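Going by our numbering, the first residue of the sequence shown is number 25, and it counts up by one from there. All residues carry an ideal CB built from backbone N, CA and C; glycine is no exception. None of these values were measured; they are calculated from a predicted model.
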Amino acid sequence: PRCVRAIWPRRRVMDVSVVIGAPKANTSQFNITEGGSVYFCPWSLGQSECHSIEFDNQGDRIVTVSGTDYQAEVKSHQWFGATIRSHGDTILACAPLYSWRTKAEKPQSDTTGTCYLSVKNFTKFVEYAPCRTEFINQGGQGYCQGGFSADFTKDGKVVLGGPGSFFWQGQVISAAKEEIIKAYYPGYFMQSVEGQTQTRQAQIKYDDSYHGKTFLSRNSITLVIPLLMGSYFGYTVSTADINNDGMSDLLVGAPMYMTRGSDGRLEEVGRVYLYLQRGPLDLEPTLNLTGTQVFGRFGSTIAPLGDLNLDGYNDLAISCPFGGEDQQGLVLIYNGFAGGLRNTPSQVIAGQWASGTVPASFGFSLRGAKDQDMNGYPDLIVGAFGVDKAILYRSRPIVNTSASLTVYPTMINPEEKSCSVNNGNTTIPVSCVNLSFCLSANGKYLPDNLGFLVEVQLDHLKHMQKGGVKRALFVDSQQPMLQRSVRVRSGERVCHETKIYLRVSEFRDKLSSIYISLNFSLDPQAAFDSHGLRPILNYKTTELIEQKAQILLDCGEDNICVPDLKLAVQGDRKEVYLGDDNLLTLTFNARNEGEGGAYEAELYVVLPPEADYSGIARNNEVRLTCSYEAENQTRYLSCDLGNPMKSGTSLWAGLRFTVPRLKDTHKTSLTLSLVSRPDKVFFPPLNWKVSKTPQEEQDIGPVIQHVYELVNKGPSGISHTVLQLSCPLSVQGQGLLYPLEMSTEGPLNCTTNHSINYLQLKVSSQLLACLWMYDKECNTFVKVEQVSNTSSLTVNIFTHTHTHTHTHTCTHLGFFKRSLPYGTAMEKAQLKPQAASEA
25 PRCVRAIWPR RRVMDVSVVI GAPKANTSQF NITEGGSVYF CPWSLGQSEC HSIEFDNQGD
85 RIVTVSGTDY QAEVKSHQWF GATIRSHGDT ILACAPLYSW RTKAEKPQSD TTGTCYLSVK
145 NFTKFVEYAP CRTEFINQGG QGYCQGGFSA DFTKDGKVVL GGPGSFFWQG QVISAAKEEI
205 IKAYYPGYFM QSVEGQTQTR QAQIKYDDSY HGKTFLSRNS ITLVIPLLMG SYFGYTVSTA
265 DINNDGMSDL LVGAPMYMTR GSDGRLEEVG RVYLYLQRGP LDLEPTLNLT GTQVFGRFGS
325 TIAPLGDLNL DGYNDLAISC PFGGEDQQGL VLIYNGFAGG LRNTPSQVIA GQWASGTVPA
385 SFGFSLRGAK DQDMNGYPDL IVGAFGVDKA ILYRSRPIVN TSASLTVYPT MINPEEKSCS
445 VNNGNTTIPV SCVNLSFCLS ANGKYLPDNL GFLVEVQLDH LKHMQKGGVK RALFVDSQQP
505 MLQRSVRVRS GERVCHETKI YLRVSEFRDK LSSIYISLNF SLDPQAAFDS HGLRPILNYK
565 TTELIEQKAQ ILLDCGEDNI CVPDLKLAVQ GDRKEVYLGD DNLLTLTFNA RNEGEGGAYE
625 AELYVVLPPE ADYSGIARNN EVRLTCSYEA ENQTRYLSCD LGNPMKSGTS LWAGLRFTVP
685 RLKDTHKTSL TLSLVSRPDK VFFPPLNWKV SKTPQEEQDI GPVIQHVYEL VNKGPSGISH
745 TVLQLSCPLS VQGQGLLYPL EMSTEGPLNC TTNHSINYLQ LKVSSQLLAC LWMYDKECNT
805 FVKVEQVSNT SSLTVNIFTH THTHTHTHTC THLGFFKRSL PYGTAMEKAQ LKPQAASEA
C-alpha cells in the first residue's frame, strides 16, 4: 500500500487481524488516481498476506439534471483510509478530502469528505457523508472534510469531526451506526439519518477555530478540543484511565510546540499535555511532556497501550515521527502510576529506515491495547507513512524480580583465620566471612523456569588500591568474581552460599570497606515461551545490589580510628643563589598523637619547577620509602610513614633536593595588606571636651594607627617600587585627621610635603612611620608628600633589592600616633583579611 496512514487491529473468535489504511494507494476504480484503500491483514506467526477491502469499487458518479450529465463527485486524491476505526464487526473508513458538486453549473467541487461502514465482517458496505448537504461553500459545509477524525462511542455511535465547516469553525456530527445502515440506499447521495446530531454555526468570532479536527468521545458525551494554530494543540487527542481511578483521562498533543534552546532561540520540539479527570468533565492539568528532538513533531500521535507491565495502570505510546538519528522516527513508551504518568520513557523504539527523499515517518500512526499474539499482554502496531510499512511490536512477558545480598559477619578479623586456601602445594590459613545471595521471580504468563545470570564482584569499582589489587577473593576459586547461572521457578526463591577471604599482606588499604556487588540479568540464551518470546525484567527492577565488609582494626571496640597527625618541617637554608651548589635539605618530624593507627599515612612534598629530588638523609632508626611522581603539571614526593602508623610513633628524616634550573625570571608577585586600629571611630568621642589651646597630642582627639605590609612573593627581586598612600585630612572644610610625626628607621625613606605636627604638640611616644621588618639586604625608602589641590596625605614607598632571588620580601609601614611602640615583627599588628578590607 502507498503510505500507511491509520491502523486498527480487530479480533474475531480464534483469529486476529490488522486493518491498515493507505490513503494514497491506487485502486481499480475507473479513472481514479490515488483514491486510497484499506487493507485487511490476517496476523499469524508466519508471513501475513494482506488484501484490499473494496468499500467502494465505483469511479466518479454521474448525475443527470434536466437532461444534462455532469460529474457529481471527485474521488481522486481523496485520502480514503486516512481514518479507520472499529466497533465489533463494523469497520469505519473515511476519505476527508472527498469532493462533490451539488449543481451542474458550479465550476468547482466542495471538499465535504465521506465515510464508509463495513458491517457483518465485510459482507455489506454503506456510505455516510453528513457534510454532503445544500449548505455549500465556506459559509456552510463545503470545506467540512468530514472524517478527518472519527471514532465510535462505547454504545456504537459514529462520531465524525469536520474542521472546515462554517468558515473553519469546525463541526462535530454523530449518528448511531444502526440508523446509518438503515437509511442507506445504493445509488442515492444520502445526506442525513434519523437521530443525527451535530453542532451548528457559531458567532463570527469562532471562525478559524477548527473545532472537530480532533475530539474526545466518551460514551454519549462529546468534548470538542479546538486546534491552536501556533503549537497545533489538539492535533491529536486520546483518552485512557491512566491513574486507575475509574475515570478516563485526557491527553492532548501539540507537535509544533516551541521552546527556547540554550542559545535563546525558539526550537520546535512538540509537547503532550495530560489532564486527569477528577470528576465528570473536571479535567485537571497534571503533566507536560516536552520533546527533545528539534522538528521531531513529538506528540503527533498518542496511543493508549493498556497495561503493558500488568502493574494495574495503563501505559501510553507517543510518537516523534521525524526525530532520532537520520530522522528515522521514534516511539516513546510511558508508564502510568497512581499519580498519573511517569515523566521519563521506560522504552524508546527507533524506526528501521533512515530519512530519504520522503521521511519514513515512523510513528505517524499508532494503535495499541490489543493482544495480537494471545500471550496475555497488549501489543503495539506502528505505521511508517513514508516507507509503506506497518510494524507489529509484541509485548514480552514481564518478570518481577527481587534479589538480596548478605555478608555475615560484616567484620573481617585478620587475626582469626578460620578458612584455608591452597597455594600450590601449601595450604594457607586465611580470615574469611560468609556470603549469600537470593533471587525470587513472579509474574503472569511466564515460562515454568526462568534463567538468570548472576555476577558477584569483590571490591567492585570502589576503594581499590593502586595497581588494582583486590583485597578479598572467593575461597572456592581464589578469584575476585563469581558467575553463576541460576534457574528460578515463578513464585519461588532460590539462594546460594559461599565464602570470601582476606588476602594476607598484598594490599595497603585496610581502612576502607570492601564493597561487594551483585548484578543479575535474565539469561539471553534461555528458552522461548510458548508464543516465541523471551521474558523481560520489569523496568523498575534494581539489578545492582551492594553490601560491604570492614577489616577489624586496632582502634578499640567501635573499630573507628581517630589519628592525630602532627608535622614539623625545617629547611637548612632560607635562600638559594644563582651560581652556588644549589643543595637543600628539608628535615621533618611526623608524629601520630591520636588513638589507634593512621592507615596509609603518607607525607606529600610538592616540588617547584626549579627543584629536583635527590635522596633521603636519615638516621639508622628510620626506614623511609619515598617515590617521585607527577600528576598533570604538578610534581610531588610521596613518602610512606606506615600502614598503620601506630599511635605514639615519631619519625625524623631529611629529604635532599637540588635546584638546577634556578634563574632570574624578572617576574614577581606583590601583595599589600593593611589594618587600622581601631577600625571604627565615632564622633564625638564619649565625654569629649574641645580644647581651644591644645598642648599635647591627647588634646586633639583619639589615636588612630595604620599598619601596612608589602610582600614580594617572588620568584624574582624588585626595584623602583612605589607605594602611594593617602588619607583624608579634612571633610567639608573641617579638620579630620592630624598628622602628628614622621620618622624613618632602617633602609627606608619617608617624605611628605605636608606640614607634620604644625601645632608643635607634645608627643607622648615616638611614632614609627616607616619600619623595615624582615630582609635587611633590601634597600627600601618611603616618601610622604602633599597631593596638590586636595586635603590628603600621600606616602610614596620606594623599594630596591639585590638581583638575587628571594623567597619573599616583607615591609611594614605605620603612621599617626601609636599607643605602644612597634615590636620587631608584623604579628603585633595582627593583620586579618577582614580588618584589612574594613580599613
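Quiz item: At what residue ranges does the stretch 389–476 contain a whole run of the beta strand (DSSP E), taking only runs of 3 or more?
Solution: 403–408, 413–417, 422–432, 443–447, 450–466
Exercise. Reducing DSSP to helix, strand and coil, say where A207 ends up.
Key: helix
Quiz item: Among N268, L300, F319, D273, which has the Cα closest to the Cα of T283?
Solution: F319
Quiz item: Relative to the C-alpha of T522, which residue among F544, D578, C462, P708 is closest?
Solution: C462
Exercise. Would you kindly work out how many angstroms separate the C-alpha atoms of F104 and I44, rounded to a whole number?
Key: 11 Å
Exercise. Would you please state the rounded distance, in angstroms, between the beta carbons of G672 and N616? I believe it to be under 8 Å.
Key: Yes, they are in contact, since the Cβ atoms of G672 and N616 sit about 7 Å apart, within 8 Å.
Exercise. Answer with buried or exposed for P421, where buried requires no fewer than 16 other C-beta atoms within 10 angstroms of its C-beta.
Key: buried
Self-check item: Residue from M669, V600, E570 whose Cα sits closest to the Cα of V480
Solution: E570
Quiz item: Going by alpha carbons, who is nearest to S662 out of P684, Y637, D547?
Solution: The candidate whose alpha carbon is nearest that of S662 is Y637.
Quiz prompt | T221 to G60 span [Cα, whole Å] | solution = 28 Å
Quiz item: Does the distance from the CB of V296 to the CB of I326 come in under 8 Å?
Solution: yes
Quiz item: Can you name, in chain order, every residue of its own chain whose Cβ lies under 8 Å from the Cβ of C579, other than the five neighbours on each side?
Solution: So the list reads C585, V586, E619, G620, G621, once near-sequence residues are dropped.
Self-check item: Beta carbon of D412 nearer than 8 Å to that of S379
Solution: In this structure, S379 does not lie closer than 8 Å to D412 by Cβ.
Exercise. Could you check the C-alpha separation between P279 and D269 for me, to the nearest Å?
Key: 28 Å
Quiz item: Per DSSP, C650 is paired with what?
Solution: C663
Quiz prompt | Contacts around G277, its chain only, beta-carbon distance under 6 Å, and the 5 residues preceding and following it disregarded | solution = Y259, T260, V296, G323, I326
Quiz prompt | Reduced DSSP secondary structure (H/G/I, E/B, other) of I584 | solution = coil
Quiz item: In chain order, which continuous runs of the beta strand (DSSP E) of length 3 or greater are located wholly inside the stretch 682–740?
Solution: Within the stretch 682–740, the complete beta strand (DSSP E) runs of at least 3 residues are 692–701, 729–739.
Exercise. Measure the Cβ-Cβ separation of P892 and G330 and say whether it is below 8 Å.
Key: With the chain covering 25 to 863 only, the question about residue 892 has no answer from this structure.
Self-check item: Distance CB(S255)-CB(Y281) smaller than 8 Å
Solution: yes
Practice problem: Along the alpha helix (DSSP H) that carries S385, what are the first and last residues, could you check? | Solution: No alpha helix (DSSP H) holds S385; DSSP gives it neither H nor E.
Quiz item: The beta strand (DSSP E) spanning S142 covers which residue range?
Solution: Its beta strand (DSSP E) spans residues 138–143.
Quiz item: What separation, rounded to the nearest whole angstrom, lies between the Cα atoms of A374 and P154?
Solution: 40 Å
Quiz item: Cβ atoms of Y417 and V406: under 8 Å apart, would you say?
Solution: yes
Self-check item: Local conformation of L817 per DSSP, three classes
Solution: The predicted model places L817 with a pLDDT of 38, which falls under 50 and marks its position as unreliable, so this point remains unresolved.
Practice problem: Decide if D306 is buried, meaning its Cβ has at least 16 other Cβ atoms within 10 Å, or exposed. | Solution: D306 counts as exposed, since fewer than 16 other beta carbons sit within 10 angstroms of its beta carbon.
Quiz item: What are the boundary residues of the beta strand (DSSP E) that F191 is part of?
Solution: Per DSSP, F191 belongs to no beta strand (DSSP E); it is in the alpha helix (DSSP H), 189–192.
Quiz item: Are the beta-carbon atoms belonging to S142 and I115 less than 8 Å from one another?
Solution: yes
Quiz item: In this structure, does DSSP put I56 in helix, strand or coil?
Solution: coil
Practice problem: For my contact list, V454 and L526 are in at a C-beta cut-off of 8 Å; report their separation, rounded to the angstrom. | Solution: 6 Å
Self-check item: A654 classed as buried or exposed, judged by whether at least 16 other C-beta atoms fall within 10 angstroms
Solution: exposed
Self-check item: Beta-carbon separation (whole angstroms), I871 vs L459, contact threshold 8 Å
Solution: There is simply no residue 871 to check, as the chain begins at 25 and stops at 863 in what is shown.
Practice problem: Out of E634, K737, S697, point me to the one whose CA is closest to L686's CA. | Solution: E634
Quiz prompt | Distance, H778 Cα to L817 Cα | solution = Residue confidence for L817 is low, a pLDDT of 38 falling below 50, so the modelled location carries little weight; the figure read from the coordinates is stated next. Whole-angstrom Cα-Cα distance: 7 Å.
Quiz item: Which first and last residues belong to the beta strand (DSSP E) in which V372 is found?
Solution: 371–374
Self-check item: For S697, the nearest candidate out of L747, T717, L675, V714 (CA to CA)
Solution: For the residues L747, T717, L675, V714, the minimum Cα distance to S697 belongs to L747.
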